[in-house]
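Q: The structure's right below; bear with me while I get my questions together.
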Amino acid sequence: MEGRRRKSLRRLNDEVSRNWEDLNTDCLINIFERVRLESLILDIPFVCKSWYKVSLDPHCWKLLDFRFMSLKRSSWAIKIQEKKSCWGLRNHSYATPSTQFMKIAVHRSCGLATKLAFHTCNFEDNILEYVLER
0 MEGRRRKSLR RLNDEVSRNW EDLNTDCLIN IFERVRLESL ILDIPFVCKS
50 WYKVSLDPHC WKLLDFRFMS LKRSSWAIKI QEKKSCWGLR NHSYATPSTQ
100 FMKIAVHRSC GLATKLAFHT CNFEDNILEY VLER
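Per the working numbering, residue 0 is the first one in the sequence shown, and the count goes up by one each step.
Below is the structure:
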């Protein structure tokens, strides 16, 4: 009985210590396709290098759903301001957080986006033109 318990504990420890950054790229893309844009831009790339690289794959960016965004300052807008330097954006950029967010998502889709969703009137005038050009 004691031997079985040790084997179970050893197996449990092996499962707990799995390295998430070693997941297969195709598996990660499949997962990231289902993640909200907010997490895909503001969280996932900062987990580890392999997740960052996979998050840049255009297949993760087929659905660009901006409906969660609003004109009021929210947690995602604050996160964008905090992470501007990671993206090489200058602090004196005149674009609003929502415009920056949309441009990042559209750029990363590399033209593979198949669906675009957003509320009307919560973006700058030029953003729709930017999206349509890509």
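Glycine included, each C-beta is placed from N, C-alpha and C at the ideal position.
(1) By DSSP, does A112 sit in helix, in strand, or in coil?
(2) Out of curiosity, what's the CA-to-CA distance linking L22 and H118?
(3) For V53, which residues in the same chain have their Cβ closer than 8 Å to its Cβ, ignoring the five residues on either side in sequence?
(4) Would you identify the three-state DSSP class for D21, choosing helix, strand or coil?
(5) In three-state terms, what does DSSP make of L62?
(6) Could you tell me if R66 is buried or exposed, where buried requires 16 or more neighbouring beta carbons within 10 angstroms of its beta carbon?
(7) Cβ of L115 within 9 Å of Cβ of L63?
(8) Between the Cα of M68 and those of V105, W50, M101, spot the shortest distance and give me the residue it belongs to.
(9) For the alpha helix (DSSP H) that contains E37, what are its first and last residues?
(10) Just the Cα atoms here: how many angstroms apart are W19 and V130?
(11) Count the other C-beta atoms from every protein chain shown that fall within 10 angstroms of the C-beta of R35, then say buried if there are 16 or more, exposed otherwise.
(12) Just the Cα atoms here: how many angstroms apart are K61 and T113?
(13) For E128, which of L55, R107, T98, L41 has the nearest alpha-carbon?
A: Reading it off the structure:
(1) Taking the sequence shown and counting its residues from 1, one reaches residue 112 at position 113. A112 falls in the coil class under three-state DSSP.
(2) Locating residue 22 in the sequence shown gives position 23, counting from the first residue. Locating residue 118 in the sequence shown gives position 119, counting from the first residue. Rounded to the nearest angstrom, the two C-alpha atoms are 35 Å apart.
(3) Looking up residue 53 in the sequence shown gives position 54. Counting only Cβ-Cβ distances below 8 Å, and skipping sequence neighbours, we find T24, L27, I28, F31, C59.
(4) Taking the first residue of the sequence shown as position 1, residue 21 is located at position 22. Helix, per DSSP.
(5) Indexing the sequence shown from 1 puts residue 62 at position 63. Annotated three-state conformation of L62 is strand, per DSSP.
(6) The residue labelled residue 66 in the question sits at position 67 within the sequence shown. Classification of R66: exposed, given that the 10 Å Cβ count is below 16.
(7) For the purposes of this step, residue 115 is taken as residue 116 along the sequence shown, with counting starting at 1. For the purposes of this step, residue 63 is taken as residue 64 along the sequence shown, with counting starting at 1. Yes, they are a contact pair.
(8) Counting from one through the sequence shown, the residue named residue 68 turns up at place 69. Looking at the Cα atoms, M101 is the closest of the given residues.
(9) In the sequence shown, the residue the question calls residue 37 occupies position 38. Here the alpha helix (DSSP H) through E37 covers 36-41.
(10) Looking up residue 19 in the sequence shown gives position 20. Looking up residue 130 in the sequence shown gives position 131. Those two C-alpha atoms are separated by around 34 Å.
(11) The residue you call residue 35 lines up with position 36 of the sequence shown. R35 should be labelled exposed.
(12) Along the sequence shown, one-based indexing puts residue 61 at 62. Along the sequence shown, one-based indexing puts residue 113 at 114. Answer to the nearest angstrom: the Cα atoms are 5 Å apart.
(13) Counting from 1 along the sequence shown, the entry for residue 128 is found at position 129. For the residues L55, R107, T98, L41, the minimum Cα distance to E128 belongs to T98.
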